[in-house]
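If you read the sequences in order, they're chains A and B. So the first sequence is numbered by the numbering used here: it starts at 125 and just counts up by one. So the second sequence is numbered by the numbering used here: it starts at 23 and just counts up by one. These notes are about the structure you will find just below.
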Amino acid sequence: MSAPADFDLADKGKTLRFTGSLTLARLGDLPQHLDDLEASPDRIDIAPVERMDTVGAWLIHRLARDHDIPVEGASEDQANLLEQIAVADQPLKEPPVPVHTFNRLLNQMGEATIRAGVTLVGLIGFFGAVLIDFFVLMRHPRRIRWNALVRQFEVVGVDALGIIGLMSFLIGIVIAQQGAIQLRQFGAEVFTINLVGRLTLRELGVLMTAIMVAGRSGSAFAAQIGSMKLAEEVDAMRTIGVAPMEALVLPRVVAAFWMMPMLSFYSAMVALVGGGLFCWFSLDIPPITFVSRIREVVPITDLWQGLLKAPVFGMIIAIAGCFQGMQVEGNAEAVGLRTTAAVVQSIFLVIVLDAFFAVFFASIGWI
Amino acid sequence: MTQSSAKRPSDGEVVICVRGLTNRFGEQVVHENLDLDVHRGEILGVVGGSGTGKSVLMRSIIGLQHPEAGEVKVFGEPMIGREDTEARNIRARWGVLFQGGALFSTLSVAENVQVPLREYFPHLEQSLMDEIAAYKVTMTGLPPEAGPKFPSELSGGMKKRAGLARSLALDPELLFLDEPTAGLDPIGAAAFDDLIKSLKETLGLTVFLITHDLDTLHAICDRVAVLADKRVVAVGTIPELLALDHPWIQEYFNGPRGRAAQDAADREADADPVENMKRRQAALESAGGDTAPAPGAGE
Chain A
125 MSAPADFDLA
135 DKGKTLRFTG
145 SLTLARLGDL
155 PQHLDDLEAS
165 PDRIDIAPVE
175 RMDTVGAWLI
185 HRLARDHDIP
195 VEGASEDQAN
205 LLEQIAVADQ
215 PLKEPPVPVH
225 TFNRLLNQMG
235 EATIRAGVTL
245 VGLIGFFGAV
255 LIDFFVLMRH
265 PRRIRWNALV
275 RQFEVVGVDA
285 LGIIGLMSFL
295 IGIVIAQQGA
305 IQLRQFGAEV
315 FTINLVGRLT
325 LRELGVLMTA
335 IMVAGRSGSA
345 FAAQIGSMKL
355 AEEVDAMRTI
365 GVAPMEALVL
375 PRVVAAFWMM
385 PMLSFYSAMV
395 ALVGGGLFCW
405 FSLDIPPITF
415 VSRIREVVPI
425 TDLWQGLLKA
435 PVFGMIIAIA
445 GCFQGMQVEG
455 NAEAVGLRTT
465 AAVVQSIFLV
475 IVLDAFFAVF
485 FASIGWI
Chain B
23 MTQSSAKRPS
33 DGEVVICVRG
43 LTNRFGEQVV
53 HENLDLDVHR
63 GEILGVVGGS
73 GTGKSVLMRS
83 IIGLQHPEAG
93 EVKVFGEPMI
103 GREDTEARNI
113 RARWGVLFQG
123 GALFSTLSVA
133 ENVQVPLREY
143 FPHLEQSLMD
153 EIAAYKVTMT
163 GLPPEAGPKF
173 PSELSGGMKK
183 RAGLARSLAL
193 DPELLFLDEP
203 TAGLDPIGAA
213 AFDDLIKSLK
223 ETLGLTVFLI
233 THDLDTLHAI
243 CDRVAVLADK
253 RVVAVGTIPE
263 LLALDHPWIQ
273 EYFNGPRGRA
283 AQDAADREAD
293 ADPVENMKRR
303 QAALESAGGD
313 TAPAPGAGE
């Protein structure tokens, strides 16, 4: 192992002489010592230096530059290295200005607000474009891509039956069980049926399905379209004369629009089965009683509410997913970010809209 | 290449006409008042340093990029501001090969080639489409077994060939190639050059070719357009360009790589058989001599 880098002041403090190996690995705390140097030498002597890498050369160069003194005793290679370092010594343009934390916070808030506004406007614009293209396509039904549409029906609808069924079944049991515990305190266990029937048909069936579809299909839409954009597949499509709106976006939006009401009806039914089974085994309410009670206490408007909300939610989820997918640019990280944004946005919009729907339906008397 | 001026298109019909094109991304101006003509039947090479907007120019011409100002006409039809479904008669007459091939990842190679066919001729028989796809795939130098493979199973060079097969699906008159030989090994790149040249000659293609590959420029381009200073500073054959004293052009073609490519092209043009034989002999001897096959027979 070569000797560590060191220096001494020879010639009555006039010459700064370096020894050892001036390399990154053997530098030690030489830079600090150099900073603490109080003498002002006239020249630097690096003749005794065994090895020198770019970091060592940089130190020598900096010292020579700051004190404006010559470097002596450099071998040919070392001189070349020093020369290259000197050429590369260019100040970086516009060093970042340090910003106060408070200002930075304000800055970030402002940027986030602008971003949110831009996204909202973009989303509304995209929604409009989807509608226009939809009606154009209705006028030219021969351009409808049935293969893509049927494929999306399968992916969004049929493939989701298993997971949505399982989730709804468990939710039905949980509602019945939690409801029964509370209602037992009043001896009103039989009202568990009201709770399960009204809640699932009116709210939970469609809401849980929307969240599941957003997580399953909304994210998939964003990721699929996003990675197609990255690989220039969307551009290739355009140059061939295939409109991405017709081939990619509309089949997904239409599939989500049609599949959501079916999935949420299915979800409500499975939740009723779960709740009914719980009532049967735990509360000794036989299924026949459960069904007849459901028919008595659940107004048909509860079903209509669920079925009316579902297609709107489906469309929102698909549009948010496709919109975010089409926004992907640059690198693979953008696909991940946009996919996350698609899911967060669609679930947020679904819940906001659900609140509006609740107020609206209550005010038209569908209580 | 000295004889390229003889190959100049005689009719001089302008296939692509760009006038006053201006592109801007935020603060950064990429093109300013750019003019360019591409004539029928020529291979136009487009060169320029990184970031001079070669790809942006191509995207503007094929309507993927909406320029700030200027007009672009392809086959005499304006391209700017047209919807994806508009100008379909134009889109059927061109083929585009993107840098990475841009194959549809959910479709096999053969299905990729069939996409344009399906789009414009939806009532074509499936068996005929399969046959067309098969011979297009073989024509671009891919092995027949590549047809049913998916893009993820192909190497970079094979993807480019498959992309070329797709862009040739409709027998286009105009071909856009974005760095077709980038990332290929020298043998593959030379084979790609030959392929494009022979396709151009047999099908009468007009080719808009973006490249950094000096060998490609020397080997197949009829004219070269130089992008610099936000516009096309010069268009011409390489000897014509060399006569200009634009610093970038001089450095590009007269730099060490430019020289090597020029020498290679010259060597091919006036190959001295005796000298060649000597060199080959020397190379074989230093490689171990007698195990190598007898030289010279292949020339």
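Glycine residues also receive a C-beta, built at the ideal position from the N, C-alpha and C atoms.
Judged by their CB atoms, Ala-213(B) and Thr-203(B) are not nearer to each other than the 7 Å cut-off.
Taken in chain order, the whole beta strand (DSSP E) runs of length 3 or more contained in the region 273-352 of chain A number zero.
In this structure, the straight-line span from the alpha carbon of Pro-100(B) to that of His-234(B) is close to 29 Å. Between Gly-430(A) and Gly-303(A), the C-beta spacing is not below 7 Å. For the region 124-211 of chain B, the continuous beta strand (DSSP E) assignments of 3+ residues that do not extend past its boundaries occur at 196-200, in sequence order. Taken residue by residue, none of the region 248-274 of chain A has a beta-carbon sitting less than 7 Å from a beta-carbon on chain B. About 6 Å separates the CB atoms of Gly-339(A) and Val-467(A); that is less than 8 Å, so the two are in contact. Taken in chain order, the whole alpha helix (DSSP H) runs of length 4 or more contained in the region 373-443 of chain A are 374-407 and 411-421.
Partner residues in the beta bridge of Arg-253(B), as assigned by DSSP, are Ala-250(B). Between the C-alpha atoms of Ile-112(B) and Gly-98(B) there is a straight-line separation of about 10 Å. Close to Glu-278(A), with beta-carbon spacing below 9 Å, lies no residue of chain B; the smallest spacing is near 14 Å.
The alpha-carbon separation between Ile-491(A) and Leu-255(A) amounts to approximately 32 Å. In the structure shown, Glu-273(B) falls within a helical segment according to DSSP collapsed to helix, strand and coil. Taking 7 Å as the cut-off, the Cβ atoms of Lys-138(A) and Asp-169(A) do not count as close. As the crow flies, the alpha-carbon of Leu-229(A) is around 20 Å from that of Val-242(A). For the pair Pro-144(B) and Thr-413(A), the Cα-to-Cα distance works out to about 57 Å.
When C-alpha distances from Glu-370(A) are compared across His-185(A), Ile-268(A) and Met-450(A), the shortest belongs to Ile-268(A). When C-beta distances to chain B are compared with 9 Å, every residue of the region 443-463 of chain A stays at or above that value. When the alpha-carbon of Ile-84(B) is set against those of Phe-120(B), Thr-74(B), Glu-49(B) and Ile-65(B), the nearest one is in Phe-120(B). Counting only runs that start and end inside the region 166-243 of chain A, the beta strand (DSSP E) elements of at least 3 residues fall at 167-169 and 173-176.
Interface annotation, Thr-243(A): not in contact with chain B, CB-CB separation never under 7 Å.
The straight-line gap separating the alpha-carbon atoms of Asp-130(A) and Gln-208(A) is approximately 23 Å. In the structure shown, Glu-453(A) falls within a coil segment according to DSSP collapsed to helix, strand and coil. In the three-state reduction of the DSSP assignment, Ala-163(A) falls in the coil class, being assigned neither a helical nor a strand state.
Judged by DSSP secondary structure, Glu-54(B) falls outside any alpha helix (DSSP H) and instead within the beta strand (DSSP E) spanning 50-61. Look at Ile-349(A): its C-beta is not under 7 Å from any C-beta on chain B. Counting of Cβ neighbours within 10 angstroms places Phe-226(A) among the exposed residues, the total staying below 16.
Linking Met-439(A) to Met-336(A) through their CA atoms gives a straight-line distance of about 14 Å. Chain B has a Cβ within less than 7 Å of the Cβ of Thr-363(A). Cβ proximity to chain B below 8 Å picks out nothing from the region 174-198 of chain A. At least one C-beta of chain A is nearer than 7 Å to the C-beta of Leu-86(B). Rounded to the nearest whole angstrom, the C-alpha separation of Lys-76(B) and Val-459(A) is 26 Å.
Per the coordinates, the alpha-carbon of Gly-71(B) lies some 10 Å from the alpha-carbon of Ile-271(B).
Between the alpha carbons of Met-386(A) and Met-233(A) lies a gap of roughly 41 Å. Contact annotation for Glu-356(A) against chain B: Phe-120, Gly-122 and Ala-124 [CB-CB distance below 7 Å, chain order]. Lys-136(A) sits in coil when the DSSP states are folded into three classes, being neither helix nor strand.
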